[in-house]
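Chemist: From first to last, the protein sequence lines are chains V and Z. For the first sequence, counting from 1, position 210 maps to 210 in the working numbering; every step adds exactly one. Positions in the second sequence are counted from 1; adding 1000 to them yields the working numbering. Ideal Cβ placement from N, Cα and C applies to all residues, glycine included. Can you keep this structure in mind? I'll have questions shortly.
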Amino acid sequence: MAETTAEAPGAVENLAYGPTPYDEMAHPPLSTSVTNEKMTMWTFLGSDCLLFGALISTYLLLRNRTGPATEGPTAADLFDIPFTSVSSFVLLMSSLTMVLAVTAMMSANLERCKLWLLTTAALGSIFIGGQVYEFTSFYREGLGFTTNISASAFFTLTGFHGVHVSLGIVMLVSLFMLISRGSLTAERAETVEIIGLYWHFVDIVWIVIFAVVYLIP
Amino acid sequence: MSTATASHDATDAHSDHGHDHGLSDFGYIKIAVILAVLTAVEVATYFVDFGVLEVPSLLILMVVKFQIVVSYFMHLKFDSKVFTWLFVGGLVLALAVFAAMGTSMLFWQDPAGCQNGAFC
């Protein structure tokens, strides 16, 4: 059956995961050999690089500046590296569970896909819980969003990343519900792959933030 | 076609072509272990003094981890080159933003900015 799909003129083959029996049904013939949905997600991710590039640049430039009006600690004075390391590890492992969800969906193993999707959402929730704890402890130490210019840059950067993770969790739970209701089947497996791309992007942004913001003195 | 048959066929199709497109599940687990080890080395720089090598080693580890996730978990290594160009284009623009901001901070700041400017 897969051979028939591969021979279909103009059919879109999933280059990343290989052809599935559903390729011809899922995608109309395209001249670019990539689907519009995937192209859109990669374009979005490329543009999101700009957003985080600007936010990380801003933090790096302002990290040691407390401003003329107010003093107070900088975020770097209050970092709890062991705690953040565990959070980072959790988010990193969520990328593994996400890719396992994608491969399960590509193999039309819907139950396993649902399991990995839920696991990924749970790991993402643990990460967000850690970030909420970190922000709360910073606030109790006297570092709020408007305490100084360094704090504003830090909370904006990590807050935007947290929003991205939270949106990712919503998308993962939505996928789980769609698969459970039978609205999303293996014919549209690329949907899971595209959400996976977003999730991995969130992970690589944190790889940069963890190294540049937290670890580099 | 029954659901069971569809599932079986799809599994076969994926495994038949799995070597040409991406990794097996075990392969992804091996990649995750490598990433975990690299993260452990990163964290070790906080507890152990690496001296002048600390910042370069952290930057190298960051780039390697970034590259591994993008190449294998996001499958950019196996996917269309169009996606690579889109993503790398965004990264290059992001670095340009950083360079532009750095330049503005270095050369265009008010000399009396430490008292009047926003970036003190």
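#1: Quick one: which chain V residues come within Cβ less than 8 Å of Z:Ile1029?
#2: If you check the beta carbons only, do V:Ala211 and Z:Leu1061 fall under 8 Å apart?
#3: Using a beta-carbon distance below 8 Å, is V:Cys113 in contact with chain Z?
#4: Tell me the DSSP secondary structure of V:Leu184 in three-state form.
#5: Leaving out five residues on either side along the sequence, give the residues of the same chain with a beta carbon under 8 Å from the beta carbon of Z:Ser1071.
#6: What is the rounded straight-line gap between the Cα of V:Thr119 and the Cα of V:Ile126?
#7: Please report the straight-line C-alpha distance between V:Leu197 and V:Leu117, rounded to a whole angstrom.
#8: Show which residues of chain Z have a CB atom less than 7 Å away from the CB atom of V:Phe203.
#9: Please check if any C-beta of chain V sits within less than 8 Å of the C-beta of Z:Gly1102.
#10: Helix, strand or coil for V:Arg231, going by three-state DSSP, please let me know.
#11: Contact criterion: CB-CB distance below 8 Å. Does Z:Asp1049 meet it with respect to chain V?
#12: Is the region 184–204 of chain V touching the region 1035–1044 of chain Z in the sense that three or more CB pairs, one from each, lie closer than 8 Å?
#13: Tell me the rounded alpha-carbon separation between V:Met105 and V:Ala189.
#14: Could you work out which residues of chain Z lie near V:Ser88, taking near to mean beta carbons separated by less than 9 Å?
#15: Go to Z:Ser1057, then tell me how far its alpha helix (DSSP H) extends in each direction, as first and last residue.
#16: Go through its chain and collect everything with a Cβ distance to V:Pro73's Cβ below 6 Å, but skip five positions before and after it.
#17: Tell me which residues share the same chain as V:Ile195 and place their Cβ nearer than 8 Å to its Cβ, disregarding the 5 neighbours each side in the sequence.
#18: Can you find the residues in the same chain that come closer than 7 Å, C-beta to C-beta, to V:Val165, ignoring five residues on each side of it along the sequence?
#19: Looking at the C-beta of Z:Ser1057, does it have a partner C-beta in chain V at a distance below 8 Å?
#20: Whose C-beta lies closer than 7 Å to the C-beta of V:Ser152 among residues of the same chain, with five residues either side of it excluded?
#21: Given this structure, state the Cα-to-Cα distance separating V:Ser85 from Z:Ala1044, to the nearest angstrom.
#22: Using a Cβ-Cβ distance cut-off of 8 Å, determine whether Z:Phe1087 contacts chain B.
#23: Might you give, ordered along the chain, the residues of its own chain that have their beta carbon closer than 7 Å to the beta carbon of Z:Phe1083, omitting 5 neighbours on each side?
#24: Determine whether the beta carbon atoms of V:Ala108 and V:Ala186 lie at a separation below 8 Å.
#25: For V:His164, would you say it is in contact with chain Z, using Cβ-to-Cβ distances shorter than 8 Å as the test?
#26: Along the chain, where does the alpha helix (DSSP H) containing V:Asn36 start, and where does it finish?
#27: Using a Cβ distance threshold of 8 Å, determine whether the region 50–64 of chain V contacts the region 78–98 of chain V, with at least three qualifying pairs required.
#28: On a CA-only basis, which of V:Ile209, V:Leu55, V:Arg112 is nearest V:Ser180? Give me that one, please.
#29: Please report the residue range of the alpha helix (DSSP H) in which V:Pro217 lies.
Modeler: According to the data block:
#1: Leu96
#2: yes
#3: Not one chain Z Cβ lies under 8 Å of V:Cys113.
#4: coil
#5: Once the five neighbours on either side are set aside, the close Cβ partners of Z:Ser1071 are Lys1077.
#6: 11 Å
#7: About 13 Å.
#8: Rather than Phe, the amino acid found at residue 203 of chain V in this sequence is Asp. Near V:Asp203 (Cβ distances below 7 Å), the residues of chain Z are Val1069.
#9: At least one chain V Cβ lies under 8 Å of Z:Gly1102.
#10: Past the boundaries of the shown model lies residue 231 of chain V; chain V is included only from 1 to 217, so the question cannot be answered.
#11: no
#12: Because the criterion of three Cβ pairs below 8 Å is not met, the region 1035–1044 of chain Z and the region 184–204 of chain V do not touch.
#13: 6 Å
#14: In chain order: Thr1039, Glu1042, Val1043.
#15: Note, Z:Ser1057: alpha helix (DSSP H), 1054–1068.
#16: Leu143
#17: Gly168, Met171, Leu172, Leu175
#18: Gly124, Phe127, Ile128, Val202
#19: no
#20: Phe145, Thr146
#21: 10 Å
#22: Of the chains in the structure shown, none is chain B; the protein chains are V and Z.
#23: Leu1076
#24: yes
#25: No, its Cβ sits nowhere closer than 8 Å to a Cβ of chain Z.
#26: 36–62
#27: no
#28: Nearest Cα to V:Ser180 within the set V:Ile209, V:Leu55, V:Arg112: V:Arg112.
#29: Looking at the DSSP string, V:Pro217 is not in any alpha helix (DSSP H), and its letter there is neither H nor E.
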